[in-house]
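So the sequence shown is numbered by my numbering: it starts at 51 and just counts up by one. For every residue, glycine included, the Cβ atom is placed at its ideal position computed from N, Cα and C. In this text, all values refer to a predicted model and were calculated from it rather than measured experimentally.
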Amino acid sequence: MPNGTPADVTERLAQINPSLARQARKVLDVNKSERHIRGGMATREKYLHQMQNGIK
């Protein structure tokens, strides 16, 4: 059974539907370029929440 990773999916999709594979690659590339920002924002929110509630 395939492992379902983005690389596996896009490689197989390229064989099945190249146009859709290009669209999927664009979405995955945007996600990859932005995920570090979302992670930093989540960490900031976590610590702000802890400070507001007196949690150490």
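Within the model, the alpha-carbon separation for VAL80 versus ARG88 is close to 12 Å.
Secondary structure at ASN103: coil, using DSSP grouped into helix, strand and coil. For GLN73, the closest alpha carbon among the candidates HIS99, PRO56, MET91 is that of PRO56. Look at ASN67 here: in three-state DSSP terms it is coil, with no helix or strand label.
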